[in-house]
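Note sheet for the following structure.
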């Protein structure tokens, strides 16, 4: 389908356009790249990892990349007041960057078909650039990172989005990456590498809806996009007449409602109230100090098999910076779910978010989805979070259900079910005090303001685009 | 002097008014309170502190208030790549709140004459409320905190400023307090307690210029005020005609220049660039693991007397929540200085700030003053920071010089010299890459955005109001 669009069409037009003369078929492109990728991913003992050393922590001999250490946690948020766990420490700030450019007037995004060894679907669409300083300074002696200069030497470029955002704060300590979208002028030639393709937002939406085709790093960057006038690559002149299905029309309208400066300030004040309500104290400790965890050459695991385990992975692949390597990964227990409950109030779609303390967050607490469930981490049904009953919502309430991967560069088989549930207008949701309804426009402004929305919620927001 | 002001005058008018029918003489009020305060502050051994325990860390038996622990630091910022030091850990978020109200149309601020045992000048003007949860939940069984309800139950109130801001990140780990200014309507009666007084901004400026009369907590809250239209208690209609001395006219104009949304985004992107450039890795350790520090009943001190020492303080006083108590305090080596270098460009005053890594910052790096010098922490002249030569600037360049106390509830005799230096228009300052010129308006917007400006720089900004 080729839709006629004006030269100056904005993000909304991009979400309705499924191809341009320069965009490939998104399914076929990904499948061709996946078929071409010669790869072999094997689980190995930790002591078989080249250049990794396990003592009081698990670390790379170079001192770079990341370490796995122990974390001692005390908090009055949630059912468990105190625990210890392994945690990934990676103080480096990586760049997750997408180049956007108008093609025939329609904003397109330069996506990379990228293999990540931990993903169930090995090859997925990633951001144009996804690199840590350890990568791009070539600690492992690999190839240079293509397109990095668009983000490192950005002076004079139009920066659509640029923010440090948190990542998986149950598994990482204080991890954040720089999320960037940089726009190049329509007449600037951008060479398109072999594994790269321009996609419209409509194509990306299709891939997101199918699940496990757009990786976590791309999803967090895309969550910075908004249908709000002025927040996308260009002001969108088409606010009146939005085609697409009824729910997407609601999404677009919600991006444009309830997000004034005053709304933003009120939400921030409410969030500070929540930060002051709950306590969190974390302390890095040695792996040997984790009472409930067993550390050995075959991996690091919970005595009762809860939460996750750390194992080794050996990778041989052609399409990454280096041909083959081995590394530790974190494999969560299966069954993780994130769900966003929505409702309409005065005709406007709102989503229910919660202020959630997580041990690895930089500032204690961020907004999370209505339900963020890690069943493998619970001691029993008494640990189930509030509103978990909405995971059993009747099928007609479900607006989105897909499986999405977490970062396959650090996590193994970490597939999270993503659910968006719209309750009927006469249905009343009884939520605790640390929950709050907001429009997608307000949630997007909070995402664009820094450490306010956690990565699981941002992933859901990207899937709703 | 009583200046005629219109009913709807704003912050600028308040800075020019030196009294109202309801404001006392600021000097006399403070001196009367100081004279009335019966107090006795004595240094005591750590093991003489009631309810405090020194083992691998120094802590209160209740588990509340704060602890002194060890911190192991690695960074590539500055001359020292790795060190260990004691650090104060206080995960609680306190409230620093000032009530503002128009009196005869002029915004006034409700200030408290407050004793803090560590201050050289024991009684100073503090915020209306200055309280940690340990205080206001009355862990030590003291009196309730007056005016707390204006900040804790703020629904429906006009919130002029509300932000979590960092504090002394060389001495505290991840410490932040909630800085608030709440406006009550002109016709709402606010009972004025014995130790409280309404002051105009002009009166506060006078006290700030004299030094050691407005405490650190009040200064950080006041740094959220701006002469920019719309940022103060009310839009200011007097932008055209600003009396006062020539430098203050420059200050007011600088609050109103170079601070558009685009300027703010550009500054934030530059700050993220700096965060990505430098590394910081901190780890809490036991006091016994600090090689260069000696811990004993008589205190915790550096073997060579550098940086600071931790000692005990016994306090008997009438005008605090409890009559007497004892606690540990941190006494820095004397001679600390913060200096802001200013210049005029195209007629607009700009200040030179630097992106500075400090071990206790929540997000690695914030903006600091041009020079932030702790001479007692240096190994020798080779550790002197860039631009330190401006501390010897000729007297005609000096716009402000005063001694200001740090938080006298935690620090002993911690007086920091505050300097503002304006270089001549034809003088060129050679600054490293992590330094940047900005207007006071932009710096104020960054202060209001969260963890962007450190407390030493905020204190200078407040002194320039």
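Chains as they are written, first to last, in my numbering: chain Y, 341 to 805; chain S, 341 to 805. Positions of the beta carbon are idealized from the N, C-alpha and C atoms, including for glycine.
Notebook entry, point to check: At a Cβ cut of 8 Å, what residues of the region 615-632 of chain Y count as close to chain S, listed as they run along the chain?
Noted result: Result list: 615, 616, 619, 620, 621, 623, 624.
Next item on the list: Could you tell me whether the region 391-410 of chain Y touches the region 482-501 of chain Y, using the rule of 3 or more Cβ pairs below 8 Å?
Entry: At 8 Å Cβ cutoff, the stretches do not touch.
Next item on the list: For residue 382 of chain Y, I'd like the list of residues in its chain whose CB is within less than 6 Å of its CB, leaving aside the five on either flank, ordered along the chain.
Entry: Within its own chain, the residues whose Cβ lies closer than 6 Å to the Cβ of residue 382 of chain Y, once the five positions on either side in sequence are excluded, are 654, listed in chain order.
Checklist line | Helix, strand or coil at residue 799 of chain S according to DSSP, with G and I counted as helix | finding: Annotated three-state conformation of residue 799 of chain S is helix, per DSSP.
Next item on the list: Report the residue from Y:529, Y:407, Y:543 whose alpha carbon sits nearest the alpha carbon of residue 360 of chain Y.
Entry: Per the Cα distances, Y:543.
Margin query: For residue 616 of chain S, report the span of its alpha helix (DSSP H) as first-last.
Written below: Element bounds for residue 616 of chain S: 601-617.
Check: Of all the residues that make up the region 500-520 of chain Y, which are near chain S by a beta-carbon distance shorter than 7 Å?
Finding: Of all residues in the region 500-520 of chain Y, the ones placed with a Cβ closer than 7 Å to any Cβ belonging to chain S are 502, 504, 518, in chain order.
Item checked: Three-way DSSP call (helix, strand, coil) for residue 405 of chain Y in this model -> The answer is coil: DSSP assigns residue 405 of chain Y none of H, G, I, E or B.
Next item on the list: Label residue 413 of chain Y either buried or exposed according to how many other C-beta atoms from any shown protein chain fall within 10 Å of its C-beta, with 16 as the threshold for buried.
Entry: With 16 or more other Cβ atoms within 10 Å, it is buried.
Notebook entry, point to check: Considering residue 549 of chain S, what are the terminal residues of the alpha helix (DSSP H) in which it resides?
Noted result: Unbroken alpha helix (DSSP H) run through residue 549 of chain S: 541-550.
Note to self: By alpha-carbon positions, which one of Y:686, Y:696, Y:666 ends up nearest to residue 297 of chain Y?
What the structure shows: The question about residue 297 of chain Y has no answer here: the residues shown for chain Y are numbered 341 through 805.
Item checked: Beta-carbon gap between residue 363 of chain S and residue 539 of chain S smaller than 8 Å -> Cβ atoms of residue 363 of chain S and residue 539 of chain S: closer than 8 Å.
Checklist line | Identity of the residue in S:432, S:725, S:426, S:791 nearest residue 672 of chain S by Cα | finding: Among S:432, S:725, S:426, S:791, the Cα nearest to that of residue 672 of chain S belongs to S:426.
Notebook entry, point to check: Looking at the unbroken beta strand (DSSP E) that takes in residue 678 of chain S, where does it start and where does it end?
Noted result: That run of the beta strand (DSSP E) goes 677-685.
Margin query: For the region 432-449 of chain S, list every residue whose C-beta sits within 8 Å of some C-beta in chain Y, in sequence order.
Written below: Those residues of the region 432-449 of chain S that come within reach of chain Y (Cβ to Cβ, closer than 8 Å) are 432, 433, 435.
Margin query: Between residue 787 of chain Y and chain S, is any beta-carbon pair separated by less than 8 Å?
Written below: Judged by the 8 Å Cβ criterion, residue 787 of chain Y is not in contact with chain S.
Check: According to the Cβ coordinates, are residue 563 of chain Y and residue 776 of chain Y closer than 8 Å?
Finding: At a Cβ-Cβ threshold of 8 Å, residue 563 of chain Y and residue 776 of chain Y do not count as neighbours.
Item checked: Assumed close pair residue 465 of chain S, residue 553 of chain S - CB separation to whole angstroms, cut-off 8 Å -> For a cut-off of 8 Å, the C-beta gap from residue 465 of chain S to residue 553 of chain S is around 6 Å, short enough to register as a contact.
Note to self: Only counting the same chain, and skipping five residues up and downstream in sequence, which positions put a Cβ closer than 7 Å to that of residue 675 of chain Y?
What the structure shows: Cβ contact annotation for residue 675 of chain Y (same chain, cutoff 7 Å, sequence separation greater than five): 715, 716, in chain order.
Margin query: When you compare the CB of residue 609 of chain Y with every CB in chain S, is at least one pair closer than 8 Å?
Written below: Closer than 8 Å: yes.
Next item on the list: Taking only runs that begin and end inside the region 435-492 of chain Y, name each unbroken beta strand (DSSP E) of 3 or more residues, in chain order.
Entry: Counting only runs of 3 or more, we get 446-455, 463-466, 469-471.
Notebook entry, point to check: Where do the N-terminal and C-terminal ends of the alpha helix (DSSP H) with residue 556 of chain Y fall, by residue?
Noted result: Residues 556-562.
Checklist line | CA-to-CA distance, residue 758 of chain S to residue 743 of chain S, given in whole angstroms | finding: So the two alpha carbons sit approximately 6 Å from each other.
Margin query: Suppose only complete runs of 4+ residues qualify. What are the alpha helix (DSSP H) ranges in the region 489-523 of chain S, listed by chain order?
Written below: Listed in chain order, they are 489-492.
Check: Name the chain S residues that come within less than 7 Å of residue 603 of chain Y, Cβ to Cβ?
Finding: By Cβ distance, chain S contributes nothing, its closest Cβ being about 13 Å from residue 603 of chain Y, past 7 Å.
Note to self: My output table needs one value for residue 358 of chain Y: the three-state DSSP class, helix, strand or coil.
What the structure shows: Coil, per DSSP.
Notebook entry, point to check: Is it true that the region 524-539 of chain Y meets the region 718-727 of chain Y, where meeting means three or more beta-carbon pairs spaced less than 8 Å apart?
Noted result: They do not touch, by the three-pair rule.
Next item on the list: For residue 702 of chain Y, return the contacting residues in chain S, with the cut-off set at a CB-CB distance below 8 Å.
Entry: What residue 702 of chain Y touches in chain S: 702, 703.
Checklist line | Endpoints, alpha helix (DSSP H) assigned at residue 371 of chain Y | finding: If you look at residue 371 of chain Y, you'll find it in the alpha helix (DSSP H) that goes 366-376.
Note to self: Quick check on this structure: which residue in S:397, S:679, S:471, S:450 has the alpha carbon closest to the alpha carbon of residue 529 of chain S?
What the structure shows: Relative to residue 529 of chain S, the option among S:397, S:679, S:471, S:450 whose CA is nearest is S:450.
Next item on the list: Tell me where the alpha helix (DSSP H) around residue 781 of chain Y begins and ends.
Entry: It spans 780-787 - the alpha helix (DSSP H) in which residue 781 of chain Y sits, taken as one unbroken run.
Margin query: Give me the residue from S:455, S:565, S:787, S:460 with the minimum Cα distance to residue 470 of chain S.
Written below: Among S:455, S:565, S:787, S:460, the Cα nearest to that of residue 470 of chain S is on S:455.
Next item on the list: Under 7 Å Cβ to Cβ from residue 523 of chain Y, same chain only, skipping five residues before and after it: list those, please.
Entry: Same-chain partners within the cutoff: 440, 441, 498, 500, 573.
Check: Given residue 786 of chain S, which residues of its chain have a CB within under 6 Å of its CB, disregarding the five upstream and five downstream residues?
Finding: Result list for residue 786 of chain S: 792, 793, in chain order.
Checklist line | Enclosing alpha helix (DSSP H) for residue 763 of chain S [first to last residue] | finding: Note, residue 763 of chain S: premise wrong, no alpha helix (DSSP H); not H, not E.
Notebook entry, point to check: What residues from chain S crowd round residue 612 of chain Y, counting only those whose CB sits closer than 7 Å?
Noted result: Result: 502, 504, 518.
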